[in-house]
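*Asks:* Residue numbers (this note's numbering), protein chains in the order written: chain P, 21 to 208; chain V, 21 to 208. For each residue, glycine too, the CB sits at the ideal point set by N, CA and C. Encoded as structure tokens, here's the structure I'll be asking about.
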DNA sequence: CAACCGATGTCAGTCGCTGTCATCACCCGA
DNA sequence: TCGGGTGATGACAGCGACTGACATCGGTTG
């Protein structure tokens, strides 16, 4: 694989994360990142579609996680239970990578541009969830609602967790938020 | 106000919408928009922060709508009821501007970049909703969940409405989606 | 009439991103 | 061992989004 210095991609990622943390996302140019990684700007764009994508290369992993979790949920599980299983599985993964996740969230929180990207990735995950639900035979509108609700819970729970610097248990926040959502929506 | 030809801003908006529909968002340059509006590129950026913002100048209006609706909801209303009132008020507005709303959604649906902006505007509306709820004395986590749930419903309902070319009644879709959400979340 | 002020034009420049072509290191078969 | 193939990288030119600085124009005000 690696012909020159190996790990070009991870060197780029490391350089980018460091610079984004040091100087902020907007004030970091791709040329700087490439320089620190010992590569050229052009090479950066061969590894990442754009300057933001460095922080969002994992989602394909999460997509798989979501699909698997929903597919493997017991037949008796309701749509929202299947979704909850997927979200909790994700929460566990984030909890494991606590340090990385927090650094990443810090960077994203400081840049509207990055928040936009984050939101569209979450929307894409919502679509993935809804698809997986439909394959379980869940009706269309219901699948979309369950998926959106799950993502909403994920957002709220993650925010709580990050506000505490990841000291609490993310999975517990997720469970509590699902409870909270149920309580809130019940009162219609 | 207008010294030269009046309505510079609305001319820019009109030109932009037309070109976005004709050639797509990405394939339209700001220079083209300005040319069609009889202005310069620089002037475009004095009226709109960026190329996308032409399609998102209204949200401040929606912000007000949301805040008012939540504030004016009867004291007896539960958080989710207050949110529902706000979403339904918005639905009514969109329904009134059916033609514009559909054109706008068509353009947005064709561009990932525009979808990102749409999502962050919706997130901002969610924050507005949550704020308004907190001012009613609703507890923090509860407010966030109710707001996110409301936006989720709004997304789903709007998608349904647009899929039918706006022929159905958006307010009804909103109400049905709130019902659906309640049904879905109840099954935990 | 003159000073003033806000909206626009002009110009130069930075930066994100892309297409193109050359180059280099490694692998593989003769 | 040598020469060609292959994939990653470098070098360069160029477009378009966006910004800062300054000039200009037109209506307003005193």
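Secondary structure at residue 70 of chain P, three-state DSSP: helix, strand or coil?
*Replies:* Residue numbering aside, residue 70 of chain P sits at position 50 when the first chain is read from its first letter. Note: residue 70 of chain P maps to coil in three-state DSSP.
*Asks:* What's the gap between the Cα of residue 43 of chain P and the Cα of residue 206 of chain P?
*Replies:* To locate residue 43 of chain P, count along the first chain from 1; it is residue 23. To locate residue 206 of chain P, count along the first chain from 1; it is residue 186. Rounded to whole angstroms, residue 43 of chain P to residue 206 of chain P spans 46 angstroms at the Cα level.
*Asks:* For residue 167 of chain V and residue 179 of chain P, I'd like the C-alpha separation in whole angstroms.
*Replies:* Numbered from 1 along the second chain, position 147 holds the residue referred to as residue 167 of chain V. Numbered from 1 along the first chain, position 159 holds the residue referred to as residue 179 of chain P. Cα-Cα distance, rounded: 14 angstroms.
*Asks:* For the alpha helix (DSSP H) containing residue 165 of chain P, name the first residue and the last one.
*Replies:* Walking along the first chain from the start, residue 165 of chain P turns up at place 145. Taken as a continuous stretch (DSSP letters only), the alpha helix (DSSP H) holding residue 165 of chain P covers 160-183.
*Asks:* Between residue 177 of chain V and the rest of its own chain, which residues show a CB-CB distance below 6 angstroms, the 5 nearest in sequence each way excluded?
*Replies:* What you label residue 177 of chain V is simply residue 157 of the second chain in a count that begins at 1. 193, 194, 197.
*Asks:* Could you pull out every residue in the same chain whose Cβ sits closer than 6 angstroms to the Cβ of residue 154 of chain V, ignoring the five residues on either side in sequence?
*Replies:* Against the second chain, residue 154 of chain V aligns to sequence position 134. So the list reads 163, once near-sequence residues are dropped.
*Asks:* To the nearest angstrom, how far is the alpha carbon of residue 148 of chain P from that of residue 91 of chain P?
*Replies:* The sequence position of residue 148 of chain P within the first chain is 128, counting from 1. The sequence position of residue 91 of chain P within the first chain is 71, counting from 1. Cα-Cα distance, rounded: 12 angstroms.
*Asks:* Are the beta-carbon atoms belonging to residue 75 of chain P and residue 53 of chain P less than 8 angstroms from one another?
*Replies:* Along the first chain, one-based indexing puts residue 75 of chain P at 55. Along the first chain, one-based indexing puts residue 53 of chain P at 33. Their beta carbons are not under 8 angstroms apart, which means residue 75 of chain P does not touch residue 53 of chain P by this criterion.
*Asks:* Start and end of the alpha helix (DSSP H) containing residue 51 of chain V?
*Replies:* Residue numbering aside, residue 51 of chain V sits at position 31 when the second chain is read from its first letter. Per DSSP, residue 51 of chain V belongs to the alpha helix (DSSP H) from 50-57.
*Asks:* Please list the residues of the region 175-193 of chain P that have a C-beta atom closer than 8 angstroms to any C-beta atom in chain V, keeping them in chain order.
*Replies:* So the list reads 175, 176, 179, 180, given in the order they occur along the chain.
*Asks:* Any chance you could list the alpha helix (DSSP H) runs of at least 4 consecutive residues sitting entirely within the region 89-141 of chain P, in chain order?
*Replies:* Here the runs fully enclosed are 99-116, 118-129.
*Asks:* Taking the beta carbon of residue 48 of chain V as the centre, do at least 16 other beta carbons fall within 10 Å, making it buried, or is it exposed?
*Replies:* As a position in the second chain, residue 48 of chain V is number 28, starting the count at 1. Buried, because 16 or more other Cβ atoms sit within 10 Å of the Cβ of residue 48 of chain V.
*Asks:* In angstroms with no decimal places, state the Cα-to-Cα distance between residue 89 of chain V and residue 202 of chain V.
*Replies:* By 1-based counting over the second chain, the position of residue 89 of chain V is 69. By 1-based counting over the second chain, the position of residue 202 of chain V is 182. Whole-angstrom Cα-Cα distance: 21 angstroms.
*Asks:* Specify, as a first and last residue, the run of the alpha helix (DSSP H) that residue 45 of chain V falls within.
*Replies:* As a working mapping, residue 45 of chain V is identified with position 25 in the second chain. No alpha helix (DSSP H) contains residue 45 of chain V, which DSSP labels as neither H nor E.
*Asks:* Quick one: Cα of residue 186 of chain V to Cα of residue 29 of chain V, how far?
*Replies:* Within the second chain, numbered from 1, the residue matching residue 186 of chain V stands at position 166. Within the second chain, numbered from 1, the residue matching residue 29 of chain V stands at position 9. So the two alpha carbons sit approximately 28 angstroms from each other.
*Asks:* Mind checking the region 134-157 of chain P against chain V and listing, in chain order, the residues whose C-beta falls within less than 7 angstroms of any C-beta there?
*Replies:* The region 134-157 of chain P vs chain V, Cβ under 7 angstroms: 135, 136, 137, 139, 140, 143.
*Asks:* Do you know whose CA, among P:161, P:61, P:189, lies nearest residue 146 of chain P's CA?
*Replies:* As a working note, residue 146 of chain P is residue 126 in the first chain. Answer by Cα proximity: P:161.
*Asks:* For residue 189 of chain V, does the three-state DSSP call read helix, strand or coil?
*Replies:* The residue given as residue 189 of chain V occupies position 169 in the second chain. Coil at residue 189 of chain V, not helix or strand.
*Asks:* Taking 8 angstroms as the CB-CB cut-off, is residue 106 of chain P touching chain V?
*Replies:* Mapped onto the first chain, residue 106 of chain P falls at position 86. False, the Cβ-Cβ gap to chain V never drops below 8 angstroms.
*Asks:* Which residues in the same chain have their Cβ closer than 8 angstroms to the Cβ of residue 65 of chain P, if we skip the five residues on either side of it in sequence?
*Replies:* Position 45 of the first chain holds residue 65 of chain P. Closer than 8 angstroms at Cβ, skipping near neighbours: 50.
*Asks:* Counting only C-beta atoms, is residue 46 of chain V closer than 8 angstroms to chain P at any point?
*Replies:* Looking up residue 46 of chain V in the second chain gives position 26. Not closer than 8 angstroms to any Cβ of chain P, the Cβ of residue 46 of chain V fails to qualify, so no.
*Asks:* Residues of chain P with CB under 8 angstroms from residue 77 of chain V, in chain order?
*Replies:* Within the second chain, the letter at position 57 stands for residue 77 of chain V. Under the 8 angstroms cutoff, chain P gives no residues; its nearest Cβ is about 16 angstroms from residue 77 of chain V.
*Asks:* Below 7 angstroms CB to CB, which residues in the same chain sit around residue 87 of chain P once its five sequence neighbours on both sides are set aside?
*Replies:* Within the first chain, the letter at position 67 stands for residue 87 of chain P. If we look at residue 87 of chain P and ignore the five residues flanking it on each side, its Cβ neighbours are 148, 152.
*Asks:* How big is the Cα-Cα spacing for residue 95 of chain V and residue 111 of chain P?
*Replies:* Start at 1 with the first residue of the second chain, and residue 95 of chain V comes out as number 75. Start at 1 with the first residue of the first chain, and residue 111 of chain P comes out as number 91. So the alpha carbons of these two residues sit roughly 36 angstroms apart.
*Asks:* For the putative contact between residue 100 of chain P and residue 204 of chain V, defined by C-beta atoms under 8 angstroms, what is the C-beta separation to the nearest angstrom?
*Replies:* Residue 100 of chain P sits at position 80 when you count from the first residue of the first chain. Residue 204 of chain V sits at position 184 when you count from the first residue of the second chain. Going by Cβ atoms, the distance from residue 100 of chain P to residue 204 of chain V rounds to 5 angstroms, so yes, they are a contact pair.
*Asks:* Quick check: is the beta carbon of residue 161 of chain V nearer than 8 angstroms to any beta carbon in chain P?
*Replies:* Along the second chain, one-based indexing puts residue 161 of chain V at 141. Residue 161 of chain V counts as touching chain P.
*Asks:* What in chain P is Cβ-close to residue 96 of chain V, meaning under 7 angstroms?
*Replies:* For this step, residue 96 of chain V is matched to residue 76 along the second chain. Ordered by position in chain P, no residue passes the 7 angstroms Cβ test against residue 96 of chain V, which lies about 11 angstroms from the chain.
*Asks:* Could you give the distance in angstroms between the alpha-carbon of residue 34 of chain V and the alpha-carbon of residue 26 of chain P?
*Replies:* Stepping through the second chain from its first residue, residue 34 of chain V is reached at position 14. Stepping through the first chain from its first residue, residue 26 of chain P is reached at position 6. Answer to the nearest angstrom: the Cα atoms are 52 angstroms apart.
*Asks:* Looking at chain V, is there any beta carbon in it that lies within less than 8 angstroms of the beta carbon of residue 89 of chain P?
*Replies:* Within the first chain, the letter at position 69 stands for residue 89 of chain P. It does not: the Cβ of residue 89 of chain P has no partner Cβ on chain V nearer than 8 angstroms.
*Asks:* Report yes if the CB atom of residue 84 of chain V is closer than 8 angstroms to the CB atom of residue 140 of chain P, and no otherwise.
*Replies:* Start at 1 with the first residue of the second chain, and residue 84 of chain V comes out as number 64. Start at 1 with the first residue of the first chain, and residue 140 of chain P comes out as number 120. Cβ distance not < 8 angstroms, so residue 84 of chain V and residue 140 of chain P don't count as in contact.
*Asks:* Since residue 80 of chain P meets chain V, which of its residues come closer than 8 angstroms, beta carbon to beta carbon?
*Replies:* As a first step, residue 80 of chain P must be located in the first chain, where it is residue number 60. In chain order: nothing, as chain V lies at least about 16 angstroms away.
*Asks:* State the DSSP-derived secondary structure class of residue 79 of chain V, mapped to helix, strand or coil.
*Replies:* Numbered from its first residue, the second chain carries residue 79 of chain V at position 59. It is helical.
*Asks:* Smallest Cα separation from residue 113 of chain V: which of V:82, V:132, V:143?
*Replies:* The count along the second chain starts at 1 and reaches residue 113 of chain V at position 93. If we check each option's Cα against that of residue 113 of chain V, V:82 comes out closest.
*Asks:* Answer with yes or no whether the minimum CB distance from residue 30 of chain P to chain V is below 8 angstroms.
*Replies:* Numbered from 1 along the first chain, position 10 holds the residue referred to as residue 30 of chain P. Not closer than 8 angstroms to any Cβ of chain V, the Cβ of residue 30 of chain P fails to qualify, so no.
*Asks:* Can you tell which of P:184, P:24, P:41 has the C-alpha that lies nearest to the C-alpha of residue 59 of chain P?
*Replies:* Working through the first chain from its first residue, we reach residue 59 of chain P at position 39. The shortest Cα separation from residue 59 of chain P among P:184, P:24, P:41 belongs to P:24.
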